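Here the structure is laid out as structure tokens; the discussion comes afterwards.
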Amino acid sequence: MSILPFRQVHLDFHTSPLIPDVGADFDPEEFARTLKAAAVNSVTIFARCHHGMCYYPTRVGAPHPSLKRDLLGEMIEACHRHGIQAPIYMTVVWDEHAGTEHPEWRQVSRDGRLVGRPPLSGEWGWQWLCMNTPYADYVAALTEEVCRAYPVDGMFFDIVMTTYPGCV
């Protein structure tokens with residue numbers, strides 16, 4: 155079997171706050187062993203998803219309400235024990251929790267319409283937050299919190315964009 159020089163996995167989990175028992179049966183050692191057996195060198199681990207939920211004990215953001223452990227920290231630790239890098243994922247512009255808690259942080263088009271789906275509408279999509287508001291400070295504070303708490307192999311900031319012509 156040929157071993158790839160580098161194999162990276164983007165572990166994508168945007169988990170609604172309505173999902174119960176998140177991570178309850180997670181075994182970090184089995185997780186890391188499975189990645190190692192698959193010749194994975196790097197796996198992107200979520201600090202925060204599009205729902206705005208954090209997967210670690212945060213003092214800044216919104217912890218996932220059913221998560222009873224430091225899922226981010228346990229994943230990073232287990233991966234590092236097996237020589238696997240674990241860059242940290244953080245969504246930026248799409249954030250359901252912050253958009254609902256702070257509608258004044260939402261992107262607004264030039265014609266005054268909110269960008270993205272209306273809060274609590276049941277429609278598919280995400281609320282779009284504007285980086286020209288205090289939301290930028292919130293994202294910076296979350297980033298600082300994560301970087302101070304964990305060994306960081308890299309950061310993946312996703313959904314860093316505005317709608318044309320941008321939020322006003």
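Residue numbers (my numbering): 155 to 322.
Glycine residues also receive a C-beta, built at the ideal position from the N, C-alpha and C atoms.
Keep in mind the model is a prediction, meaning the values are calculated, not measured.
- Counting the other CB atoms within 10 Å of its CB gives residue 259 a total of 16 or more, which places it among the buried residues.
- If you check the CB distance, residue 199 and residue 173 do not come in under 9 Å.
- Assignment of residue 230 by DSSP, reduced to helix, strand and coil, places it in the helix class.
- In the structure shown, the three-state DSSP call for residue 251 is helix.
- Here residue 294 is exposed. Its C-beta has fewer than 16 other C-beta atoms within 10 Å.
- Residues of the same chain with a CB within less than 8 Å of the CB of residue 189, apart from the 5 flanking positions on each side, are 163, 197, 233, 236, 238 in chain order.
- Closest option to residue 308, judged by alpha-carbon separation, among 300, 314, 315: 300.
- Distances from the CA of residue 245 to each of 313, 291, 304 were compared; the closest alpha carbon is that of 313.
- For residue 315, the closest of 160, 270, 179 by C-alpha to C-alpha distance is 270.
- Look at residue 208 here: in three-state DSSP terms it is strand.
- The alpha-carbon separation between residue 204 and residue 262 amounts to approximately 19 Å.
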